Amino acid sequence: MAQNATIFKADIQISDLNRHHYELHSLTLARHPSETDERMMVRLMAFMLYADEQLLFSKGLSAEGEPDVWHKDLTGHILRWIYVGLPDEKWLRKAAGRSDAVVVIAYGGNTAKMWWKKNGDALANIKQLTVLELTKQDSEALAGLADRNMQLQVTIEGNTLWLSTDTAALEITPDVLLSQT
35 MAQNATIFKA DIQISDLNRH HYELHSLTLA RHPSETDERM MVRLMAFMLY
85 ADEQLLFSKG LSAEGEPDVW HKDLTGHILR WIYVGLPDEK WLRKAAGRSD
135 AVVVIAYGGN TAKMWWKKNG DALANIKQLT VLELTKQDSE ALAGLADRNM
185 QLQVTIEGNT LWLSTDTAAL EITPDVLLSQ T
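As numbered in the working numbering, residues 35 to 215 make up the sequence shown, in order.
See below:
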């Protein structure tokens with residue numbers, strides 16, 4: 035029998051000083067049985083970075099050919115395609131053909147560094163691509179915030195996120211490996 039997704043609720047108070055986005059977002063995340071808390075929380079961080087009323091979590095690991103998070107306009111046109119992990123170059127080229135902007139949030143320590151070393155030159159040719167990298171310590175610290183009912187506050191300024199809960203505080207500054215958008 036297949037396992038069911040685990041449901042997480044997150045109330046996130048976002049203060050994005052870059053985009054002047056100040057909003058409370060109440061989200062429901064379904065963590066696929068094969069997904070780790072680390073990956074789920076990186077997906078949640080992706081939402082925080084690009085928060086918008088039209089930004090949605092896709093079916094993720096359950097649906098091949100979809101991003102983890104996407105921003106569609108009211109006509110269904112994809113404005114931003116966000117992928118968490120280490121995608122294949124061909125997959126990113128296809129995503130770039132279907133959307134105005136593509137974002138990759140790479141994580142995994144040395145594995146992410148090897149992925150970038152192998153793919154960075156080819157990815158630099160994708161005009162609307164942004165690639166961010168989280169350190170292993172940052173992605174693991176994010177995983178430590180995972181809770182079935184999360185209350186998070188996040189302030190974003192520049193490339194830095196300050197996250198806090200009732201019991202923890204965390205500062206994350208993803209490395210920008212590529213920014214073509």
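Backbone N, C-alpha and C fix where the C-beta goes; we use that ideal spot for every residue, glycine too. Since the model is a prediction, treat every value here as computed from it, not as a measurement.
Check	Outcome
With 16 other Cβ atoms within 10 Å as the buried cut-off, status of ALA140	buried
Residue range of the unbroken alpha helix (DSSP H) whose run includes ASN144	144-157
Separation of GLY110 from LEU176, as counted between CA atoms	31 Å
PRO101 versus TRP125 - alpha carbon distance	10 Å
Length-filtered (3 minimum) beta strand (DSSP E) runs lying within the segment 65-112	89-91 and 103-106
Buried versus exposed, by CB contacts within 10 Å (16 or more), HIS54	exposed
Span of the alpha helix (DSSP H) around GLN26	The shown model of the chain, from 35 to 215, leaves out residue 26, and the question about it has no answer.
Local Cβ density within 10 Å of ILE41, reported as buried at 16 or more and exposed below that	exposed
Selection from LEU211, GLN187, ASP209 and LEU212 that minimises the alpha carbon distance to THR201	GLN187
Buried/exposed call for SER173, threshold 16 Cβ in 10 Å	buried
Buried/exposed call for SER60, threshold 16 Cβ in 10 Å	exposed
Chain D within 7 Å of VAL210, Cβ atoms only	Protein chains in the displayed structure number just one, and chain D is not present.
heavy atom of the ligand MG below 6 Å from VAL103 C-beta	Absent from the structure shown: the ligand MG. Ligands present: none.
The segment 161-168 touching the segment 129-139, judged by at least three CB pairs closer than 8 Å	yes
Cα-Cα separation between ALA80 and ASP86, rounded to whole angstroms	11 Å
Burial state of GLY131, where buried means 16 or more other Cβ atoms lie within 10 Å	exposed
Proximity to VAL118 [Cα-Cα], best of LYS106, ILE160, GLN162 and THR70	THR70
Coil, strand or helix - LEU120 by DSSP	coil
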